[in-house]
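In the working numbering, the protein residues as written are 10 to 326. Just so it is clear, CB atoms sit at the ideal spot from N, CA and C, and this is done for glycine as well. Only a predicted model underlies this, so the values are computations on that prediction, with no experimental measurement involved.
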């Protein structure tokens with residue numbers, strides 16, 4: 010594989026991420042307007058304001074970027090890919106709003122500003138998260154996202170499986186159990202390395218891998234292409250979570266836009282605690298390389314996805 014096929018300059022990746030993030034931001038603003046859509050009765054202003062607070066706070070928009078870049082392989086019109094990416098981002102933002110709640114991680118800041126339950130109130134935050142998740146499926150089900158109903162159904166199924174009891178929500182449940190939430194004595198669970206990897210593959214990795222696969226479903230990829238992209242997405246998701254755990258140890262709150270050192274304070278099970286910091290960094294880098302290798306059957310069109318895998322390992326926020 011040539012160096013051109015392997016990756017692109019960091020500046021080019023940053024530019025592509027920024028361009029997609031800007032397009033997603035514009036689309037989210039339109040989707041989160043106060044004016045009701047056809048078939049809706051009324052949109053409460055406070056609810057929509059809270060939903061916008063949770064979804065329009067900036068960020069890298071990595072998940073929609075993965076949707077858009079993967080869909081490009083298969084000639085999917087950019088407008089359709091952006092709509093699917095916006096749906097993924099709505100679902101991701103729902104998870105952040107709910108994760109920040111007092112009953113979950115109890116965070117006061119997110120992306121450098123108050124979390125939704127702090128800016129509004131807990132009940133509004135719950136409903137805002139519910140609204141964001143429901144709107145995600147609304148966007149995908151709309152024929153504007155893809156004219157073929159079977160393709161839309163495949164994308165809906167992929168997103169549901171990534172988010173549901175066998176994906177992100179199930180992973181969050183395992184995480185809470187590991188904190189001792191459901192133990193009679195409140196004792197932390199002692200998870201094995203394999204159990205930590207399973208939990209992280211569900212809580213974080215499932216939606217990252219699902220974003221890649223949604224791009225593939227939109228493009229009606231064949232079985233071998235889908236399998237390769239699934240390997241890429243799973244390795245990328247695992248590398249992303251380890252990088253996040255490392256940043257929780259090494260980065261400042263200013264870099265991250267939220268509180269750090271939380272995992273250690275809560276005694277959370279991570280691969281940093283299981284392997285040690287240096288070994289965790291080596292595993293992060295190995296997984297990044299595994300993701301890149303999974304794309305060996307693709308040519309220059311996969312350069313941005315390869316660069317995204319390198320970025321995941323090297324990111325500082």
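For residue 118, three-class secondary structure by DSSP: Strand, per DSSP.
Between the CA atoms of residue 172 and residue 229 - distance to the nearest angstrom: Each residue's CA atom was taken as its position, placing residue 229 and residue 172 some 21 Å apart.
Limits of the unbroken alpha helix (DSSP H) element including residue 184: Going by DSSP, residue 184 is part of the alpha helix (DSSP H) stretching over 177 to 187.
Integer-rounded CB distance, given that residue 63 should sit under 8 Å from residue 125: Residue 125 to residue 63, Cβ: 5 Å. Contact.
Rounded C-alpha distance that separates residue 138 from residue 57: Going from the Cα of residue 138 to the Cα of residue 57 covers about 11 Å.
Per-residue DSSP class, three states only, for residue 8: The question about residue 8 has no answer here: the residues shown for the chain are numbered 10 through 326.
Three CB pairs or more closer than 8 Å across the stretch 67 to 77 and the stretch 128 to 148: Note that the stretch 67 to 77 does not touch the stretch 128 to 148; fewer than 3 beta-carbon pairs, one per stretch, sit closer than 8 Å.
Length-filtered (4 minimum) alpha helix (DSSP H) runs lying within the stretch 52 to 90: Those alpha helix (DSSP H) runs which fall completely within the stretch 52 to 90 and span 4+ residues are 54 to 64, 71 to 81.
Straight-line Cα distance separating residue 18 from residue 175: Cα to Cα, the separation comes out at about 36 Å.
Residue 13 (DSSP reduced to helix, strand or coil): At residue 13, the pLDDT of 38 sits below 50, so the modelled position is not reliable and the matter cannot be decided from this model.
Proximity winner among 278, 216, 227, relative to residue 257 (alpha-carbon distances): Out of 278, 216, 227, 278 has the C-alpha closest to the C-alpha of residue 257.
Contact between the stretch 233 to 241 and the stretch 303 to 314 (3+ Cβ pairs under 8 Å): For the pair of segments examined, the stretch 233 to 241 was found to touch the stretch 303 to 314: the number of CB pairs separated by less than 8 Å reaches three.
DSSP three-state assignment for residue 292, whether helix, strand or coil: In the three-state reduction of the DSSP assignment, residue 292 falls in the helix class.
Proximal residues to residue 215 (C-beta, below 6 Å), its chain only, five neighbours per side dropped: Within the same chain, and ignoring the five residues on either side of residue 215 in sequence, the residues whose Cβ sits closer than 6 Å to its Cβ are 171, 176, 177.
Where residue 163 falls, given that 16 or more other Cβ within 10 Å makes a residue buried: Per the 10 Å Cβ criterion, buried.
Residue 26 versus residue 182: straight-line alpha-carbon distance, rounded: For residue 26 and residue 182, the distance between alpha carbons rounds to 31 Å.
Classification of residue 157 by the beta-carbon crowding that lies within 10 angstroms, buried from 16 upward: Counting the other Cβ atoms within 10 Å of the Cβ of residue 157 gives fewer than 16, which makes it exposed.
Same chain, Cβ closer than 7 Å to residue 154, five either side skipped, listed in chain order: So the list reads 89, 92, 93, 148, 161, once near-sequence residues are dropped.
Simplified DSSP state of residue 160, which is helix, strand or coil: If DSSP states are grouped into helix, strand and coil, residue 160 belongs with the helices.
Environment of residue 250 [buried if 16+ CB atoms lie within 10 Å]: By the 10 Å Cβ count, residue 250 comes out buried.
Neighbourhood of residue 318 by C-beta distance below 6 Å, restricted to the same chain and skipping five residues each side: 245, 297, 300, 301.
Option nearest residue 223 by Cα separation, candidates 168, 200, 259: Here the closest residue by C-alpha is 168.
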